[in-house]
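There are 2 protein chains.
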Amino acid sequence: MPTIYEVAAAAGVSPATVSRVFNGANVSPEKAEAVRRAAKEMSFTPSRTARTLRLQSSEVIALVIPDIENPFFTALARGVEDVARAAGYSVVLCNTDEDHEKELRYLDIALSATMAGVIIAAAGGNSDLSGLIARKCPVVAVDRSPHGVDVDAVIVDNRAGGRAATQALVEQGFQRIACITGPSDVETATQRADGWRDAVTGNGTTDDRYLRFADFRVDGGATAMSELLALPEPPDAVFVANNLMSVGALRVLSEQGKLPPATGVAVFGDLPFLPLVPIPITVVHMPARHLGTTAAKLLLERISGDDQPARTIVLRNQLTPVG
Amino acid sequence: MPTIYEVAAAAGVSPATVSRVFNGANVSPEKAEAVRRAAKEMSFTPSRTARTLRLQSSEVIALVIPDIENPFFTALARGVEDVARAAGYSVVLCNTDEDHEKELRYLDIALSATMAGVIIAAAGGNSDLSGLIARKCPVVAVDRSPHGVDVDAVIVDNRAGGRAATQALVEQGFQRIACITGPSDVETATQRADGWRDAVTGNGTTDDRYLRFADFRVDGGATAMSELLALPEPPDAVFVANNLMSVGALRVLSEQGKLPPATGVAVFGDLPFLPLVPIPITVVHMPARHLGTTAAKLLLERISGDDQPARTIVLRNQLTPVG
DNA sequence: CTTGACGGTGAAATCGATTTCTGACAGGGT
DNA sequence: ACCCTGTCAGAAATCGATTTCACCGTCAAG
Chain F
1 MPTIYEVAAA
11 AGVSPATVSR
21 VFNGANVSPE
31 KAEAVRRAAK
41 EMSFTPSRTA
51 RTLRLQSSEV
61 IALVIPDIEN
71 PFFTALARGV
81 EDVARAAGYS
91 VVLCNTDEDH
101 EKELRYLDIA
111 LSATMAGVII
121 AAAGGNSDLS
131 GLIARKCPVV
141 AVDRSPHGVD
151 VDAVIVDNRA
161 GGRAATQALV
171 EQGFQRIACI
181 TGPSDVETAT
191 QRADGWRDAV
201 TGNGTTDDRY
211 LRFADFRVDG
221 GATAMSELLA
231 LPEPPDAVFV
241 ANNLMSVGAL
251 RVLSEQGKLP
261 PATGVAVFGD
271 LPFLPLVPIP
281 ITVVHMPARH
291 LGTTAAKLLL
301 ERISGDDQPA
311 RTIVLRNQLT
321 PVG
Chain A
1001 MPTIYEVAAA
1011 AGVSPATVSR
1021 VFNGANVSPE
1031 KAEAVRRAAK
1041 EMSFTPSRTA
1051 RTLRLQSSEV
1061 IALVIPDIEN
1071 PFFTALARGV
1081 EDVARAAGYS
1091 VVLCNTDEDH
1101 EKELRYLDIA
1111 LSATMAGVII
1121 AAAGGNSDLS
1131 GLIARKCPVV
1141 AVDRSPHGVD
1151 VDAVIVDNRA
1161 GGRAATQALV
1171 EQGFQRIACI
1181 TGPSDVETAT
1191 QRADGWRDAV
1201 TGNGTTDDRY
1211 LRFADFRVDG
1221 GATAMSELLA
1231 LPEPPDAVFV
1241 ANNLMSVGAL
1251 RVLSEQGKLP
1261 PATGVAVFGD
1271 LPFLPLVPIP
1281 ITVVHMPARH
1291 LGTTAAKLLL
1301 ERISGDDQPA
1311 RTIVLRNQLT
1321 PVG
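Heads up: the protein sequence lines correspond to chains F and A, in order. Under the working numbering, the first residue of the first sequence is numbered 1, with each subsequent residue one higher. Under the working numbering, the first residue of the second sequence is numbered 1001, with each subsequent residue one higher.
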C-alpha cells in the first residue's frame, strides 16, 4: 500500500500537493500531472482510514436491519443503496437477527467508525439510540419507529393496512377471522393487530383467542396457524401480519386441505418470488424499496446539516384484491 | 466522542495506560479500576478508525455478492456472518448488482479501509482481484471462482448438478429438453449448461436452439421461456440454471397453461419461500449457508497467517426428486 | 551491599491523510 | 520603484489509538 508520502517523493512534490490534487484544490497543471502519473504508476489509493480519522467522518452509512433473509428488508436495502450510491456514499449492511445485543454492537461500531449516518429498522421497540443521539450521529428509523426517541422515521400505516386487509376478508363473507401477528414488543406487529381488531369489531368475533403473537418468521406462522386450527371453533379466515409468516400459515393450511378459497387469507407484505398465483389471497403490498429510498434521502439531508425537528413520513400501502 | 486522552486525564493516568487497560496489558488494579470507571462515566468507546490506522488492519471482513435480493446469496451471507461473528469479526455486505465497476469500487474500499479480508462471489468471470492479491489481502471466492487467479474457493459441482437435474427429466421420459442458463461469462452458468449438454447428448435433442443464455433474474427467465415456447418445435421440458429464473419460467408456463407435469421442469437452486408445493418440479438443492460458513472459515485461517497454496472446496448438491 | 530482573508507568514516535500557516514569486496599479 | 493581491507549494500540526523505549521502584539472588 503506497502512501501519499511515497507518491509525493516519486512526483517530486510535497504530500500536501498530492492531497490537493486528489481533492481538487489549486495545483499547477504540470505538478498535478506528475502526481497523477506517479499515483497511477504505483496504483495509489488514499487510505480511507487516515482520511476518516483526520476528517472525523466517512462516506459510509450503516443500514441496520433485523433479518437479512426477509425479502422485504433486502428490497428496502436496495432502495437505500441506490440513493446512497448516487450521492457518493457506501452502504454497509448490518444484520441484527432481531437481537438487541447485536444491534447495540453494530450501533457502537457505527459510532466508533465515525460513519456518516445510520438507517435502522429497530429490533423490537425499545432500541437504544441514545448513544447515536447524544453524539449527534444522524439517524433515520425505517419501517419501525423506536420507542421514546424523536428521530426521523419512514413508515407505513400499519393499522390502516391491517384494517383494510381484514375488511376485505369481512366483505368476502368470513365470520371468524383470526390474526397472526409478530412479537408484542414490535410496534408494527401490534399496530397491524390493532387494524385487525378495528375491522372485526362488530363484524364477527373479536375474541382474542383468535389473536396470536408469533415471531415474524416462517415457522412461527406455521405454529400459530396450527394452534388456531386446533381451536374448538377454528377460524374460517386469517389475517397474517407479515410475509414470512404467511408462508408457514399457508403450508399448514395446505397440509390440512384448507387452502383458500376454503379459508380466507389476507397478508401484510408480499413474497416476491412466487412463480405463480395459484391461490386467491388478499395482499397488502408494501413499498419496500420506496421506504429505503425515502429513508436514505432523509438521512442525506441530515448529513448535510439539516437540523429541523424530526419528521415522520407515512407511505401508502396498496391492497391487491383477491386474484 | 471522548478520546483516550480525556479518559486518561479523568483517571489521572497516561493515555498509554488507558490503552493497556483496554487491551489487557499489565496495569495495577487500582489504576485499571480508575480507568474503567472514568471510561464508563463518559461512555468512552475507542475509535476504530484510529486503532485501524495504527494497527494497519481491522476486524472487518467484506462480503461481496452480485445480488442481495437473491435468497441464495442472503442465505450464504448468514453463513458467513455466523462464523465471522463468533470469531469477533464484523461483516459488511457489498452488493455489486453484477456490475464490474461497482465490484471494483468495493474491492478498492476493502483495501483502503484495510479490512481483514474479502469473500467474493464474483460478478462475471473476469473480476479483477489483482489489487487484493498484490496487497496480500486474504481473499476467498465463493460460488464462482474468478478466472485466472489462484485463490481459495468454495464452490459446488455445477456440471454434475446440471447433469443430474437434466438426467431426472430424461428419466421422466421427456424428449426435447431445453436449458435456460445465466450469462455466458459467468462460470456457474456455463458449467450448469455443460451438465445439461452431458445429459441430453444421446438422450434427446442437443440442439443449441434449446439453449438460452439469460441473466439469472426473474424477467430474464420469463423472456427465455417465452422464446423457447415460440419455437416451431417447442421443448417439452426445461432445465433452469438458477432459482430466480425459474420463477419467471414458471410464470410463463402458467400463463400458457403448460405447467408441470405437462412440461418437465428442473431447477438449480431453491426458492425458500414457496408456501406450498403445488407443482412437481425437480430441484437441485444448494447448500447456500454452508458455502458461507466454509468460506468464512477458510478466510479466517488465511487471516491468521495460514499461507499454504490455494485450496478449492467442492460441496455437494442434493437432488430433490419430483414431489 | 550490590546486581539483575521484572512489573508498572509515562513520554514520544507512529500510522496516513488533511489543512493551516507561512513564504515565495508573478503581475498589475500608482 | 513600491505595494498589494493572488496563486502555488511546502513545513508542520492534527486526528486518536498503539507501542517502543526509558525509567523507577522493589525484591530476590549472590
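We put the CB at the ideal spot given by N, CA and C, even for glycine.
Chain F within 8 Å of residue i, Cβ atoms only
i: GLU1001 (chain A); result: This sequence places Met at residue 1001 (chain A); Glu is not what is there. So, interface residue.
i: PRO1309 (chain A); result: no
i: LEU1129 (chain A); result: no
i: ASP1236 (chain A); result: no
i: LEU1111 (chain A); result: yes
i: ARG1251 (chain A); result: yes
i: ASP975 (chain A); result: Since the first residue of chain A shown is 1001 and the last is 1323, residue 975 (chain A) is not available in this structure.
i: ASP1108 (chain A); result: yes
Within 8 Å, strictly: CB atoms of residue i and residue j
i: VAL240 (chain F); j: VAL265 (chain F); result: yes
i: LEU228 (chain F); j: VAL218 (chain F); result: no
i: ALA77 (chain F); j: THR96 (chain F); result: no
i: PHE1273 (chain A); j: ASN1242 (chain A); result: no
i: GLY221 (chain F); j: ALA249 (chain F); result: yes
i: VAL1064 (chain A); j: GLU1103 (chain A); result: yes
i: PRO1138 (chain A); j: ARG1302 (chain A); result: yes
i: VAL92 (chain F); j: VAL80 (chain F); result: no
i: ALA62 (chain F); j: VAL118 (chain F); result: yes
i: VAL1140 (chain A); j: LEU1298 (chain A); result: yes
i: CYS179 (chain F); j: ALA160 (chain F); result: no
i: ILE326 (chain F); j: VAL149 (chain F); result: Lying before the first or after the last residue shown, residue 326 (chain F) is absent from chain F, which here runs from 1 to 323.
i: VAL1007 (chain A); j: PHE1044 (chain A); result: yes
i: ALA295 (chain F); j: VAL142 (chain F); result: yes
Neighbour flag for residue i against chain A, beta carbons, 8 Å
i: SER28 (chain F); result: no
i: GLU171 (chain F); result: no
i: PRO71 (chain F); result: yes
i: THR49 (chain F); result: yes
i: ASP219 (chain F); result: no
i: SER226 (chain F); result: no
i: ASN23 (chain F); result: no
i: ILE68 (chain F); result: yes
Alpha-carbon to alpha-carbon, residue j and residue i
i: VAL1284 (chain A); j: THR1320 (chain A); result: 6 Å
i: PRO260 (chain F); j: THR1282 (chain A); result: 26 Å
i: ALA50 (chain F); j: SER1112 (chain A); result: 9 Å
i: LEU315 (chain F); j: PRO287 (chain F); result: 8 Å
i: ALA1165 (chain A); j: ARG1197 (chain A); result: 11 Å
i: GLY1088 (chain A); j: ILE68 (chain F); result: 20 Å
i: ASP307 (chain F); j: GLY131 (chain F); result: 18 Å
i: THR1263 (chain A); j: ARG1209 (chain A); result: 18 Å
i: GLY1032 (chain A); j: MET1 (chain F); result: Here residue 1032 (chain A) is Ala; the residue named in the question, Gly, does not match the sequence. Whole-angstrom Cα-Cα distance: 37 Å.
i: ARG1036 (chain A); j: CYS1094 (chain A); result: 36 Å
i: ASP1236 (chain A); j: PRO1183 (chain A); result: 23 Å
i: ALA1230 (chain A); j: LYS1258 (chain A); result: 13 Å
Reduced DSSP category for residue i - H, G, I as helix; E, B as strand; rest coil
i: SER325 (chain F); result: Only positions 1 to 323 of chain F appear in the structure, and residue 325 (chain F) is not among them; the question remains open.
i: SER1212 (chain A); result: Before going on, a small fix: residue 1212 (chain A) reads as Arg here, not Ser. The answer is strand: DSSP assigns ARG1212 (chain A) an E or B state.
i: ALA1266 (chain A); result: strand
i: ASP1152 (chain A); result: strand
i: LEU1319 (chain A); result: strand
i: PHE1022 (chain A); result: helix
i: VAL1013 (chain A); result: coil
i: LEU259 (chain F); result: coil
i: PHE1273 (chain A); result: coil
i: THR1294 (chain A); result: helix
i: THR1003 (chain A); result: coil
i: ASN1158 (chain A); result: helix
i: GLY1124 (chain A); result: coil
Cβ-heavy atom distance, residue i to the ligand GTP, below 7 Å
i: VAL1149 (chain A); result: Inclusion of the ligand GTP in the displayed structure is not the case, the ligand content being empty and no account of it being possible.
Assigned exposure category for residue i - 16 Cβ within 10 Å defines buried
i: PRO146 (chain F); result: buried
i: MET225 (chain F); result: buried
i: MET1115 (chain A); result: buried
i: GLY292 (chain F); result: buried
i: GLN1318 (chain A); result: exposed
i: GLU55 (chain F); result: First, the residue type needs correcting, since residue 55 (chain F) is Leu and not Glu in the sequence shown. Under this definition LEU55 (chain F) is an exposed residue.
i: SER58 (chain F); result: buried
i: MET1245 (chain A); result: buried
i: ASP152 (chain F); result: buried
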